[in-house]
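Residue numbers (this note's numbering), protein chains in the order written: chain A, 1 to 232; chain B, 233 to 464. No residue lacks a Cβ here, since even glycine has one placed at the ideal position from N, Cα and C.
Number of protein chains: 2
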Amino acid sequence: MSKGKVIVLLSGGMDSLVTAAIAGSEAYELYTLHINYGQRTEKRELKSFNDISDHYRAAKRFIVDMKYLSQIGGSSLTDYSIPVTSYNPESTGIPVSYVPFRNANILSVAVSWAEICNAGKIFIGAVEEDSSGYPDCREVFYNAFNRVIELGTKPETFIEVVTPLIHMKKHEIVKKGLELKAPFEISWSCYKSEDIACGECDSCYLRLKGFHEAGVEDPIPYKTKPEFTLIH
Amino acid sequence: MSKGKVIVLLSGGMDSLVTAAIAGSEAYELYTLHINYGQRTEKRELKSFNDISDHYRAAKRFIVDMKYLSQIGGSSLTDYSIPVTSYNPESTGIPVSYVPFRNANILSVAVSWAEICNAGKIFIGAVEEDSSGYPDCREVFYNAFNRVIELGTKPETFIEVVTPLIHMKKHEIVKKGLELKAPFEISWSCYKSEDIACGECDSCYLRLKGFHEAGVEDPIPYKTKPEFTLIH
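Spelled out as structure tokens, the structure:
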């Protein structure tokens, strides 16, 4: 029996796939939400979104057009004049792929939808430590956002953002996904390419590192793969 | 000399007009932002937005398409199957014109834009007491949102939402606008009509009550006007 409706934010990448797997395993009825913000790999992400929504038999799915984030620009994901950089272990600070305040925009529309369809939770696959260092992927940000939800919706509304992966390392996310039989082969993480994953951008690097440290092979093909020192 | 860039959220209504007048009088360089969320009176509001932006010589203006709020629906402003109700002094609770979590969506895009164009403040004409009772028009909501901004943007970014009208009564807003020579005749507040303001919806009622209590005539024409008991 369903424990009620929840919204799952689903970019189509590995983290959102495992988040959907967790929500599905907890017997919630899934409402999947995808944001098109003009990112380079949108077409490919959208296919993954639909495949994952099919796999988990989403009760409803909603694709939101948020192209104003690419009109605003300032990120290599949405402004095609800024190149997607290859992973650099020595780089510090917030990477050029950071889309200004993106997750607040995404959560806001999720809350608007949740308030109308009576969903009590919003699942998002944000990862804090083992990630690119975006400020809007930290637990403190989600805690503060939950306070905004409490104050900015009707008094009878109770909606909470939940972040089941927030303190997981990438290899733990891979293991969790394997444990829940998440179909990694239909997910898409690459920031740069839509046909074969580049294997070089931050997102490919972190995904491949996760699979490597989990001691399993990523089922999707790559143009190139980084060398990892053997750790298992 | 300019004190720096600020974003002014400008629906085109009386409150946002006076907010622009305040920001303009404080010698900020104005970046005006208008949201099209599929509301009934969008065309008329857009004209007011442009007229007010011209009047205050906005350095930049940005019109954001947020039609997903009308796809989500649930409000008489965006869902045309829900009628716009006439003002009823006995009604309690949150009115049907409430657009779920609208102001969080609007502030989020404003912050994204502010982060890219280095604006330090976002002016919004929210009014707490003398208003329709929307949860996202309360000072506590804006304080909580400022915390989200602090945590969800780059560490070197400082952006603050400011709400100069939040504790004003409607007649005080009218007086403030008159003092700053705000051109009320180019603003538009009606929720229902785009040619002549209806004079019956919550928004017309609150505006007319403000003018009445300030003891001045609203310069825009109305189809009908409510009867007010003489108080001045």
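Exposure of A:A27, with buried meaning 16 or more beta-carbon neighbours within 10 Å: exposed
Where A:F228 sits in the DSSP three-state scheme: coil
Residue interval of the alpha helix (DSSP H) (run including A:V127): Element bounds for A:V127: n/a, residue is neither H nor E.
Through-space distance from B:I314 to B:E459, alpha-carbon basis: 26 angstroms
Straight-line Cα distance separating A:R57 from A:N50: 10 angstroms
DSSP three-state assignment for B:H444, whether helix, strand or coil: helix
Terminal residues of the beta strand (DSSP E) in which A:N36 lies: E29 to N36
Contact with chain A by B:L241, beta-carbon distance below 8 angstroms: no
Length of the line joining the Cα atoms of A:S91 and B:I239: 32 angstroms
B:Y319 and B:D434 closer than 8 angstroms at C-beta: yes
Stretch-stretch touch, CB-based, cutoff 8 angstroms, three pairs: the stretch 18 to 37 of chain A with the stretch 136 to 156 of chain A: no
Coarse secondary structure for A:E160, derived from DSSP in three states: strand
Amino acids of chain A, ordered along the chain, whose beta-carbon sits closer than 7 angstroms to that of B:S323: Residues of chain A passing the Cβ test: none, with the nearest at roughly 15 angstroms.
A:K121 classed as buried or exposed, judged by whether at least 16 other C-beta atoms fall within 10 angstroms: buried
C-alpha gap between A:R61 and B:G244, whole angstroms: 34 angstroms
Sub-8 angstroms separation of B:G357 and B:D450 beta-carbons: no
Any chain A beta carbon closer than 8 angstroms to B:Y300: yes
For A:F101, the three-state DSSP class (helix, strand or coil): coil
Residue-level contact to chain A via CB, B:G352, 8 angstroms cutoff: no
Strand pairing of A:L9, partner residues [DSSP]: A:L33
8 angstroms contact criterion, which A:S75 and A:V109 should meet: CB distance rounded: Actually they do not touch by this definition, with Cβ atoms about 19 angstroms apart.
A:K154 (DSSP reduced to helix, strand or coil): coil
Contact with chain A by B:S280, beta-carbon distance below 8 angstroms: no
Of the listed residues A:C117, A:N105, A:L206 and A:A59, nearest to A:E129 (C-alpha basis): A:L206
Partners in chain B for A:E115, counting only beta-carbon separations shorter than 9 angstroms: I304, G306, P332 and F333
C-beta neighbour in chain A for B:E390, strict 8 angstroms: Before going further, note that residue 390 of chain B is Phe rather than Glu in the sequence given. With 8 angstroms as the cut-off, B:F390 does not count as an interface residue toward chain A.
Under 7 angstroms from the C-beta of A:F145: neighbouring residues of chain B: V380
Within-8 angstroms CB hit, B:T385 to chain A: yes
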